[in-house]
Every structure is written in C-alpha cells, then in structure tokens.
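A.B. asks:
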Amino acid sequence: MDLHGKTAIVTGASMGIGKAISIALAKEGVNVVLAARTIEKLTEVKKDIKSFNGNSLIVPTDVSSKKDILNLFDKTKKEFGRLDILVNNAGIFTGGNLVDFSIRDYDKIMNINLKGVFICCQQALKIMIPQKNGFIINISSNAVFKGYPEQSVYSASKHGVVGLTQSLANEIQKDGICVALVHPGGVDTDLIKHSRPDIDKSLLIPPEDIAKTIIYMLNLSDNSWVDEIYIRRRAAKPF
Ligand SMILES: NC(=O)c1ccc[n+]([C@@H]2O[C@H](COP(=O)([O-])OP(=O)(O)OC[C@H]3O[C@@H](n4cnc5c(N)ncnc54)[C@H](OP(=O)(O)O)[C@@H]3O)[C@@H](O)[C@H]2O)c1
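The opening position of the sequence shown corresponds to residue 12 in the working numbering, with each subsequent residue numbered one higher.
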C-alpha cells in the first residue's frame with residue numbers, strides 16, 4: 012500500500028515501541044494520531060515528527076477509559092475524515108507470583124492490555140467497515156509462546172489479544188479489513204527493565220526494528236498480507 016496521506020492511530024505513542032512506530036509511519040507520509048497519557052512525552056514525539064515535516068495530532072488518551080477512546084476516534088475522524096491504520100501498542104507489565112497477585116493489578120493489566128485493544132478495535136471498525144478498508148495491528152508478546160514464571164497475568168492479557176485478533180481477522184475479512192499480530196521479544200524500552208531485568212541491554216531489540224517490521228507489513232502489495240510476525244532477540248533461542 013502507498014502509505015502517503017494515510018491516517019493512523021498509534022496507542023502508547025509517548026515512548027518505547029509506540030514512539031518508534033509513530034515516527035516511522037510519519038516518515039512514510041502518514042498522518043499519525045499520537046495517543047497515550049503523558050502529554051509532555053507526546054509533545055516531544057510530535058516535535059520529532061515536525062522536524063522532518065511529518066504530520067501528527069496529539070490526543071491524550073488512557074486506553075482503560077472508554078470515554079477517552081471515544082474521544083480519540085472522534086477527534087481523528089474530525090481532523091482527518093478517515094482512519095486507515097490502527098496500531099494497538101499501549102501496554103503495561105506487572106509481574107509477580109500468581110498466588111500473591113492482587114485483583115487490583117489483575118484488573119489494571121486486563122483493562123489496558125486487553126479491554127483497551129477490544130474497545131479501540133470496536134471504534135476503528137465503526138470507521139473502517141463503511142470505508143471497506145483498513146489495517147489493524149495488535150502488539151502481542153513472545154510471552155504467548157513461552158511460559159515465563161511470574162508473568163502469568165501479563166501473559167494471559169497477551170493471549171487474550173491473540174484470541175481476539177485471530178477471531179476478528181476472520182470476522183472482518185469480508186469487509187476488506189486486515190488484522191495482524193506482532194509478537195516482539197525483548198525490546199530496549201522501559202517495560203523490559205521490569206519484565207526481564209536479567210537480559211543484557213546490549214542484546215535487546217531496538218524499538219526501531221519493530222517499527223520497520225510494521226512498515227514492511229503495510230508496504231506490501233494489495234494482494235498480500237502477513238497475519239503475524241515474531242521478532243526475537245538474535246541471542247534468544249530460535250523456534
Ligand atoms: N519491551 C518489550 O520487550 C516488549 C516485548 C513484548 C511486547 N511488548 C509490548 O509492546 C507494547 C509497548 O511496550 P514498550 O516496551 O514500548 O513499553 P513502554 O516503553 O513502557 O511504553 C508503553 C507505552 O504504553 C503507554 N501506556 C501505558 N498505559 C497506558 C494507558 N492506560 N493508556 C494509554 N497508553 C498507555 C505509555 O504511555 P503513557 O504512560 O504516557 O500513557 C507508553 O507510551 C506493550 O503492549 C508491551 O506489552 C514489549
């Protein structure tokens with residue numbers, strides 16, 4: 012697809028993987044709607060995008076709030092009139108033994124990592140189905156392939172994203188909409204400091220590699236689509 016002039020929403024755009032994806036999309040000429048909670052960091056991303064004459068719009072959003080999500084899609088539609096790409100990237104990690112894990116932390120993870128993806132997909136489809144066109148990319152994790160100890164709730168939230176994505180992809184294929192999963196291994200962001208403090212920082216995946224992967228997926232011809240991609244650290248075990 013020719014990305015120039017398209018419109019994308021990226022959740023969790025204020026730092027880490029979401030920031031890299033937002034910048035990469037803007038470099039392709041995409042109008043990028045930057046959604047996250049921290050306005051100061053979103054402003055920095057907008058400044059970076061402006062430095063190469065890219066276009067972006069900040070919409071402060073907490074993806075655990077349905078009201079915020081409705082506002083995000085409303086503002087996007089008002090500003091750009093359409094939505095071509097949604098990247099559901101916002102996510103948090105809280106680890107700990109299942110036996111001691113609080114219901115409060117369980118709800119917080121699920122509300123952001125899974126319910127947020129569900130509501131964002133729902134709102135995106137309300138724009139994309141009438142357009143008969145659109146791309147939704149959900150960021151999962153290698154935690155869906157490996158049972159890391161003390162990550163059961165985070166892992167469950169990402170398994171939920173996988174199930175939601177696989178079912179949805181088949182449900183809306185008839186409407187001309189493509190849905191995909193990207194499963195990153197250890198990426199050099201704030202999140203990994205909490206989830207895998209044991210990994211040597213010099214061996215982590217740069218967030219820009221996840222962004223390049225998404226650009227590659229979106230740049231394919233109209234006859235092709237990639238359902239899912241697993242990107243591992245080169246030092247991690249293959250397959
Ligand atoms: N880093 C890794 O190794 C790794 C591996 C596999 C999968 N992932 C997944 O990749 C995604 C991005 O993670 P990251 O590593 O880039 O983490 P990060 O550096 O901690 O960034 C997380 C992003 O999500 C946003 N966010 C958190 N809670 C939010 C909320 N309630 N509403 C809206 N935005 C929210 C944060 O912005 P604000 O705080 O400003 O809201 C931030 O922009 C996550 O889904 C994560 O699970 C990461």
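No residue lacks a Cβ here, since even glycine has one placed at the ideal position from N, Cα and C.
1) What are the start and end residues of each continuous beta strand (DSSP E) run of 3 or more residues lying completely inside the segment 113-156, in chain order?
2) Examine ligand 1 and report whether any of its heavy atoms sits within less than 7 Å of the Cβ of residue 195.
3) Can the beta-carbon of residue 153 be found less than 8 Å from the beta-carbon of residue 241?
4) Between residue 250 and the rest of its own chain, which residues show a CB-CB distance below 7 Å, the 5 nearest in sequence each way excluded?
5) Nearer than 7 Å: is that true of the beta carbon of residue 24 relative to any heavy atom of ligand 1?
6) Along the chain, where does the beta strand (DSSP E) that runs through residue 90 open and close?
7) What first and last residue would you give for the alpha helix (DSSP H) that runs through residue 173?
8) By how many angstroms is the C-alpha of residue 123 removed from the C-alpha of residue 238?
9) Evaluate the contact criterion for the segment 179-199 versus the segment 78-89: three or more CB pairs, one atom per stretch, below 8 Å.
10) Helix or strand or just coil, what does DSSP make of residue 67?
11) Any heavy atom of ligand 1 within a distance shorter than 7 Å of the CB on residue 174?
12) So is residue 204 buried or exposed if we call it buried at 16+ other beta carbons inside 10 Å?
13) What do you get for residue 195, buried or exposed, if any count of 16 or more other CB atoms within 10 angstroms of its CB means buried?
14) Is residue 8 a contact residue of ligand 1, with contact defined as CB to any heavy atom under 7 Å?
C.D. replies: The short version:
1) 145-150
2) Counting from 1 along the sequence shown, the entry for residue 195 is found at position 184. Checking the Cβ of residue 195 against ligand 1 gives yes.
3) Position 142 of the sequence shown, counted from the first residue, corresponds to residue 153. Position 230 of the sequence shown, counted from the first residue, corresponds to residue 241. Yes, Cβ-Cβ distance for residue 153 and residue 241 is below 8 Å.
4) Residue numbering aside, residue 250 sits at position 239 when the sequence shown is read from its first letter. Excluding positions up to five away in sequence, the list is empty.
5) Residue mapping note: residue 24 aligns to position 13 of the sequence shown, counting from 1. Under cutoff, so the answer is yes.
6) Counted from its first residue, the sequence shown places residue 90 at position 79. Residue 90 -> not in any beta strand (DSSP E); alpha helix (DSSP H) instead, spanning 77-91.
7) Here the question's residue 173 lines up with position 162 in the sequence shown. Its alpha helix (DSSP H) spans residues 163-182.
8) Along the sequence shown, read from residue 1 onward, the residue named residue 238 stands at position 227. Along the sequence shown, read from residue 1 onward, the residue named residue 123 stands at position 112. Roughly 23 Å separates the two Cα atoms.
9) no
10) Walking along the sequence shown from the start, residue 67 turns up at place 56. Looking at residue 67 - three-state DSSP - the assignment turns out to be strand.
11) Numbered from 1 along the sequence shown, position 163 holds the residue referred to as residue 174. No, the beta carbon of residue 174 sits no closer than 7 Å to any heavy atom of ligand 1.
12) Numbered from 1 along the sequence shown, position 193 holds the residue referred to as residue 204. Result: exposed.
13) Position 184 of the sequence shown, counting from 1, holds the residue named residue 195. By the neighbour-count rule (16 or more Cβ atoms within 10 Å), residue 195 is buried.
14) What the structure shows of the chain is the stretch from 12 to 250, and residue 8 is not part of that stretch, so it cannot be assessed.
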